[in-house]
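In my numbering, the protein residues as written are 386 to 1019.
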């Protein structure tokens, strides 16, 4: 701190304070405040007075006036969205844009203590009036009991429409035919001028929404429908000025699939939105009754024939305004599952519960065999340390629960009806599996196979990088980028085959010539490959070259496999396989290694190939096949 003689410090402090006050017009003093009331209730916040004008906090507009408020603190831009109308303002500016029209405010928006304050005049644009009150407070209210908004929302997985009025209301709702429509009459509610132009998304059975003044004290909202459908009106206990309208889902399709056809036997129904159901069993004759809640038939009652095996026939009808009833006339066991399909939530399927009659594991051949009384509904996935087979709509027979070869597997039941089989696989062992089914899908055989490169460490060295661009083609193609791109593609293929891949670089970083083999030698790899793109003063020179250190038989074999595979996969000319005792990478690495020149960037045709993603994928495929053949994986 600088020390000033006498009263100079006080003088400077006062001067600076005055300058801040004069040159920061957006700052709103906090000392002159008033309690704020809206619709007769105290508001969470207060009003401020500045130069004889009342100011309201920005939060008041979003919380009480139901506007979408956005304030950009950096630019000072303010936006309020009310219905279809946008109000745009600027801090410390009187001019505003209201619904595309220019207007001027008597007072300007200001900030204080990190918050934004708007003159009360802005609230009046939105249909608010100032009450005549006595005492030291500001009281505001809506001019009328407006229908402020109708918004798309969600109710228990179904599309819904949320109504927001200014004050509590009463209503009457009813359906009309010819044409089909739902009418809601709001008593004592007025249309909100700012709602004009608001567009809502519709879905079956709703085709359109409109509103109009029906009588002096009644606002009518009409939902146009594709057909008459059940609906629910949900009142919000916490806010009597809100109302939700929810329509039933429409049943759009239904059918029966016999055994052996797309996972049958099963009965399915397709609805416009997800539904819930409950089931019961009736004897003499044997029937399954499945009631689908909050659903409406899109047509007339129907009867669907079965195949005489599990289902004789299915009758579908509208049981009551909110329930579709399916009656399945069945043969045999009535244990079943009615549930939505995982990846198709609008499809409900009813299936007989399958009995798992056999689970057997052959540890030597790594083979799992599962038998069932009906088509298996399986999901297979890999987990840490093993493989899981989840069988839906299935139960274990007593014989399976108490017997069978279980060495190496775990079998458990799951609620509400399912069986889980876990196969243990040693950590670190890469594997794949194949599944074969009997024709009727009542038996499956899962065979686990070890991946060809499981447990093997392979090191890839994308040449150049960072400040070292390597060769550059006539079109500006940089070698360092080609090398890295091909290496990453090759890495993906190797890892999918079970290998652990180490990269000397995985981004545009620089490594010195001797740093690269130093990195390679830290790992116990089975081989190492350095990837490059070549350059020659003669632009006609083209083709693939592979280098290895002389006297290393394993590196020679690797070079031959790589050379043969890459030229075959890409169609490039095979230029040569060469030894070079001075080349650092193959000389310094302590494992079978090669340096691959994948083509010439100095050759116009080969540069064009390098620029294509599909060609770089062919390079990776050729390199991968060469590695696989060298390691005896094919």
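Built from N, CA and C at the ideal position, the CB exists for glycine as well. All values derive from a computational prediction rather than experimental measurement.
A residue is called buried once 16 or more other Cβ atoms fall within 10 Å of its Cβ, and residue 681 is buried on that count. The alpha-carbon of residue 460 is positioned some 23 Å away from that of residue 508. Around the beta carbon of residue 768, fewer than 16 other beta carbons lie within 10 angstroms, which makes this residue exposed. Its chain contains 914, 931, 932, 933, 940, 943, 944, 947, 971 as the residues whose beta carbon lies nearer than 7 Å to that of residue 979, once the 5 sequence neighbours on both sides are disregarded; these appear in chain order. Around the CB of residue 899, fewer than 16 other CB atoms lie within 10 Å, so the residue is classed as exposed.
Bounds of the alpha helix (DSSP H) holding residue 946 are 938 to 955. Of all alpha-carbon atoms in 745, 672, 697, 743, the one lying nearest the alpha-carbon of residue 710 is that of 672. Relative to residue 950, the option among 1011, 917, 532 whose CA is nearest is 1011. Taking 9 Å as the cut-off, the beta carbon of residue 548 is found closer than this to the beta carbon of residue 628. When C-alpha distances from residue 869 are compared across 880, 1004, 847, the shortest belongs to 847. Here the stretch 897 to 911 lies against the stretch 829 to 848, with 3 or more beta-carbon pairs under 8 Å apart. Taking a C-beta distance under 9 Å as the contact criterion, residue 865 and residue 855 qualify as a contact pair. A check of alpha carbon separations from residue 836 across 779, 633, 882, 675 identifies 882 as the nearest. As DSSP reads the structure, residue 847 sits in a beta bridge with 916. In this chain, the alpha helix (DSSP H) harbouring residue 865 covers 864 to 881.
No residue range can be given for residue 436, since it is assigned to no alpha helix (DSSP H) and is classified by DSSP as neither H nor E.
Spatial neighbours of residue 793 in its own chain (CB-CB distance under 8 Å, excluding positions within 5 residues in sequence) are listed in chain order as 746, 748, 808, 809.
When DSSP states are grouped into helix, strand and coil, residue 683 belongs to the coil group. By the CB criterion at 9 Å, residue 572 and residue 554 fall inside the cutoff.
By the Cβ neighbour-count rule, residue 723 is buried, with 16 or more other Cβ atoms within 10 Å of its own. Residue state for residue 1015 is assigned as helix, using DSSP reduced to three classes. For residue 744, same chain residues with a beta-carbon under 7 Å away, outside a window of 5 residues either side, are 755, 785, 789, 796, 806 in chain order. Between residue 607 and residue 545 a beta carbon distance of about 17 Å is seen, past the 8 Å cut, so the two are scored as non-contacting. Under the three-state reduction of DSSP output, residue 444 falls in the helix class. With contacts defined by Cβ atoms closer than 9 Å, residue 430 and residue 526 do not form a contacting pair. About 4 Å separates the CB atoms of residue 482 and residue 473; that is less than 8 Å, so the two are in contact.
If the five residues before and after residue 638 are omitted, its C-beta is found closer than 6 Å to the C-beta atoms of 655, all from its own chain and listed in chain order.
Beta-bridge analysis with DSSP links residue 744 to 755. The three-state reading of DSSP puts residue 910 in coil, since its state is none of H, G, I, E or B. Restricting attention to 640, 591, 496, the CA atom closest to the CA of residue 565 is found in 591. Counting only unbroken stretches of 3 or more residues, the beta strand (DSSP E) elements lying wholly within the stretch 649 to 711 are 651 to 656, 662 to 667, 672 to 678, 680 to 682, 687 to 690, 696 to 705, in sequence order. Ranked by how close their Cα comes to the Cα of residue 599, the residues 895, 449, 576, 439 have 576 in first place. Per DSSP, residue 737 lies in no alpha helix (DSSP H) segment; the continuous beta strand (DSSP E) that holds it begins and ends at 729 to 737.
Taking C-alpha positions only, residue 543 is separated from residue 762 by approximately 28 Å.
The stretch 825 to 834 makes no contact with the stretch 954 to 963: fewer than 3 CB pairs, one atom from each, lie closer than 8 Å. Rounded to whole angstroms, residue 989 and residue 888 show a C-alpha spacing of 29 Å.
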